[in-house]
Amino acid sequence: MIRQRRIDLERGSVLQMFSFVRAGGIKALGAGLMTLVLALALSSGQSALAAGPKQSMADQLNDYPTEARADYVFGCMATNGQSSDVLRRCSCSIDVIASILPYEKYVEAATVLSMRQTGGERMAIFSQAASARELVANLRRAQAEADIVCF
Numbered sequence: 006m007i008r009q010r011r012i013d014l015e016r017g018s019v020l021q022m023f024s025f026v027r028a029g030g031i032k033a034l035g036a037g038l039m040t041l042v043l044a045l046a047l048s049s050g051q052s053a054l055a056a057g058p059k060q061s062m063a064d065q066l067n068d069y070p071t072e073a074r075a076d077y078v079f080g081c082m083a084t085n086g087q088s089s090d091v092l093r094r095c096s097c098s099i100d101v102i103a104s105i106l107p108y109e110k111y112v113e114a115a116t117v118l119s120m121r122q123t124g125g126e127r128m129a130i131f132s133q134a135a136s137a138r139e140l141v142a143n144l145r146r147a148q149a150e151a152d153i154v155c156f
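In the numbering used here, each residue's number is its place in the sequence shown (first place is 1) plus 5.
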């Protein structure tokens with residue numbers, strides 16, 4: 006129960022705070038107020054900066070398109086083997102990732118990883134920018150959680 010609560014807090018509050026900070030919000034608020042807002046968001050379990058309607062749990066868990074889920078499973082199976090057991094584990098893995106990381110953030114992190122493979126001066130921003138490193142770190146944490154749960 007505590008673990009699920011932590012995941013819900015990360016998904017609902019902290020990731021939205023990261024987006025706000027990346028968009029330059031920290032400069033507008035100042036570090037002291039930002040710390041207070043973050044503490045309130047984490048303690049209440051509510052997103053202090055979220056605007057708009059709340060999604061149902063089913064919508065949150067199913068925001069990944071089937072094509073993206075299938076692509077992940079195919080890549081996972083290419084790496085781990087072509088058995089029905091691996092299919093089940095890879096399907097579990099993308100489900101866990103989807104429960105932690107919104108699809109938009111997944112796509113952003115996958116784009117950064119793809120651009121890092123290209124190389125060159127123009128692609129340096131994808132390996133040097135703090136926001137790019139943060140996106141990839143969030144994806145890696147979600148993948149690590151999925152590995153623990155599914156493999």
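Don't be surprised by glycine CBs; every beta carbon is placed ideally from N, CA and C. These numbers were taken from a predicted model, which means no experiment stands behind them.
query = Should residue 149 be labelled buried (16 or more other beta-carbon atoms within 10 Å of its own) or exposed?
reply = If you number the sequence shown from 1, residue 149 lands on position 144. Result: exposed.
Less than 6 Å separating the Cβ of residue 68 from some heavy atom of the ligand ADP? Among the components of this structure there are no ligands whatsoever, and the ligand ADP is therefore not found.
- Own chain residues within Cβ distance below 6 Å of residue 158, not counting five before or after: Because the chain spans 6 through 156 in this model, residue 158 falls outside it and cannot be assessed.
Cβ-based neighbour list, residue 97, same chain, cut-off 6 Å, excluding 5 preceding and 5 following: As a working mapping, residue 97 is identified with position 92 in the sequence shown. These residues qualify, in order along the chain: 155.
How about residue 117 and residue 141: are their beta carbons less than 7 Å apart? Taking the first residue of the sequence shown as 1, we reach residue 117 at position 112. Taking the first residue of the sequence shown as 1, we reach residue 141 at position 136. Yes. Within cutoff.
### Message
Suppose only complete runs of 4+ residues qualify. What are the alpha helix (DSSP H) ranges in the stretch 114-147, listed by chain order?
### Response
130-133
* To do: Less than 8 Å between the CB atoms is what I'm expecting for residue 114 and residue 144, so what's the real figure, rounded?
  => As a working mapping, residue 114 is identified with position 109 in the sequence shown. As a working mapping, residue 144 is identified with position 139 in the sequence shown. At roughly 4 Å, the Cβ-Cβ gap stays under 8 Å, so residue 114 and residue 144 are in contact.
Output yes or no for whether 7 Å exceeds the beta carbon distance between residue 106 and residue 147.
What you label residue 106 is simply residue 101 of the sequence shown in a count that begins at 1. What you label residue 147 is simply residue 142 of the sequence shown in a count that begins at 1. Yes, the pair counts as a contact, with Cβ atoms nearer than the cut-off.
| If we ignore side chains and look at the alpha-carbon of each, how far apart do residue 110 and residue 124 end up? | In the sequence shown, counting from the first residue as 1, residue 110 sits at position 105. In the sequence shown, counting from the first residue as 1, residue 124 sits at position 119. Approximately 22 Å, taken between the alpha carbons.
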